[in-house]
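Numbering (this note's numbering), first residue to last: 20 to 291. Positions of the beta carbon are idealized from the N, C-alpha and C atoms, including for glycine. Fair warning: this is a prediction, and the values are worked out from it, not measured in the lab. Written below as structure tokens is the structure these notes are about.
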């Protein structure tokens with residue numbers, strides 16, 4: 020018994036002397052290791068989808084500042100908003116004293132991302148490339164925020180909801196579709212965008228999936244040469260009256276790589 024007690028005391032002493040034993044570590048979407056000594060308590064999110072991920076794992080109360088956006092839920096009403104458009108408000112970010120920043124690898128300015136990488140602040144770079152990566156990120160953020168079980172639950176719930184979103188269209192014929200990001204100049208998605216996977220679930224085929232890019236500006240000539248059967252947009256415009264395609268107003272949630280994609284996909288399949 021005495022030997023057992025001595026061993027327990029020794030292990031406890033080692034743990035106290037070596038904090039690395041209890042460190043939390045995950046790999047972000049750029050395959051960078053993100054390590055925290057303890058679960059994050061003061062988190063800044065620099066992308067709407069990152070904010071939605073933390074809300075999905077019940078860690079919204081740990082968000083001390085978030086990127087400006089228009090349709091956050093009421094629970095985010097009193098959370099300070101930090102400017103990211105036209106450049107990150109670096110002074111404000113440092114003033115919040117975050118112990119974790121969730122940045123958007125393709126949505127935040129490169130100079131700001133480099134500044135964050137050079138800082139002493141732990142940064143999780145978010146850049147989901149597909150639906151599975153969104154589920155994986157929910158789990159990782161659960162680990163970083165000390166809510167591992169809630170992260171797993173949110174990931175499973177997201178995957179299940181995505182799988183069930185378009186059951187009524189599983190036997191529908193595939194239709195060609197144009198996803199409009201912006202109308203003047205016309206901007207859309209190419210074959211490297213994660214939304215192609217979402218469209219496939221709705222039995223839609225992106226007419227510009229052959230373009231090896233994620234987002235690009237397309238000419239009116241290309242649009243006329245590739246007439247779609249369906250146009251997906253979040254903002255109707257008079258120019259589309261020239262098209263014979265069915266125009267579907269898509270939920271803005273469909274265009275953000277976060278858990279609310281499931282909501283947008285459900286609404287899309289109902290509209291189709």
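Give me the DSSP bridge partner(s) of residue i.
i, result
"residue 146", "The partner list for residue 146 (beta bridge, DSSP) is empty, contrary to what the question assumes."
"residue 100", "85"
"residue 129", "Paired residue(s): none; residue 129 is not in a bridge."
"residue 112", "In the DSSP output, where bridge partners are listed per residue, residue 112 has none listed."
"residue 46", "52"
"residue 192", "In the DSSP output, where bridge partners are listed per residue, residue 192 has none listed."
"residue 121", "64, 143"
"residue 202", "205"
Tell me whether residue i is buried or exposed, calling it buried when 16 or more other Cβ atoms sit within 10 Å of its Cβ.
i, result
"residue 87", "exposed"
"residue 23", "Bear in mind that a pLDDT of 42 at residue 23, under 50, signals an unreliable position, so the number given afterwards is only what the model happens to contain. Residue 23 should be labelled exposed."
"residue 50", "exposed"
"residue 106", "exposed"
"residue 137", "exposed"
"residue 239", "exposed"
"residue 193", "exposed"
"residue 245", "exposed"
"residue 145", "buried"
"residue 47", "buried"
"residue 170", "buried"
"residue 37", "Residue placement at residue 37 is flagged as unreliable, the pLDDT there being 47, under the threshold of 50; a coordinate-derived value is accordingly withheld."
"residue 40", "Confidence at residue 40 is low in this model, with a pLDDT of 48, below 50, so its placement is unreliable and the value that follows should be read with caution. Exposed, by the Cβ-count rule."
"residue 70", "buried"
"residue 92", "exposed"
"residue 143", "buried"
"residue 229", "exposed"
"residue 199", "buried"
"residue 227", "buried"
"residue 56", "exposed"
"residue 185", "buried"
"residue 74", "buried"
"residue 139", "exposed"
"residue 287", "buried"
"residue 13", "Only positions 20 to 291 of the chain appear in this structure, which leaves residue 13 out of reach."
"residue 129", "exposed"
"residue 273", "buried"
"residue 135", "buried"
"residue 132", "buried"
What whole-angstrom Cβ distance do residue i and residue j have, given they're in contact under 8 Å?
i, j, result
"residue 177", "residue 278", "5 Å"
"residue 196", "residue 247", "5 Å"
"residue 53", "residue 141", "6 Å"
"residue 174", "residue 157", "4 Å"
"residue 217", "residue 160", "Between residue 160 and residue 217 the Cβ distance is about 21 Å, and since that is not below 8 Å, they are no contact."
"residue 68", "residue 205", "With a Cβ gap of about 24 Å, residue 68 and residue 205 do not count as contacting."
"residue 253", "residue 268", "7 Å"
"residue 264", "residue 280", "Rounded, the Cβ-Cβ distance is 23 Å, inconsistent with contact."
"residue 58", "residue 43", "6 Å"
Is there at least one Cβ from chain C nearer than 8 Å to residue i's Cβ?
i, result
"residue 192", "Among the chains of the structure shown, chain C does not appear; only one protein chain is present."
Is there contact here, the stretch 109 to 121 with the stretch 57 to 69, by at least three beta-carbon pairs under 8 Å? Counting Cβ pairs under 8 Å, three or more are found: they touch.
Per the contact definition of three or more C-beta pairs closer than 8 Å, is the stretch 86 to 102 in contact with the stretch 173 to 182? No contact exists between the stretch 173 to 182 and the stretch 86 to 102.
Given 8 Å, three or more beta-carbon pairs between the stretch 230 to 248 and the stretch 195 to 212: Per the Cβ contact rule, the stretch 230 to 248 is in contact with the stretch 195 to 212 (3 or more Cβ pairs under 8 Å).
What are the uninterrupted segments assigned as alpha helix (DSSP H) that are 4 or more residues long and contained completely in the stretch 137 to 185, given in chain order? If you keep only unbroken alpha helix (DSSP H) runs of at least 4 residues inside the stretch 137 to 185, you get 150 to 163, 167 to 183.
In chain order, which beta strand (DSSP E) runs of at least 3 residues are fully inside the stretch 218 to 285? DSSP assignment within the stretch 218 to 285 yields the following whole beta strand (DSSP E) runs of 3 residues or more, N-terminal first: 223 to 225, 234 to 236, 249 to 252, 265 to 268.
Only counting runs of 4 or more residues, tell me where the alpha helix (DSSP H) segments fall wholly within the stretch 58 to 98, in order along the chain. The DSSP assignment places 67 to 75 as complete runs of the alpha helix (DSSP H) inside the stretch 58 to 98, in order along the chain (cut-off: 4 residues).
Given 8 Å, three or more beta-carbon pairs between the stretch 164 to 178 and the stretch 67 to 87: Touching, yes, given that three or more Cβ pairs across the two stretches are closer than 8 Å.
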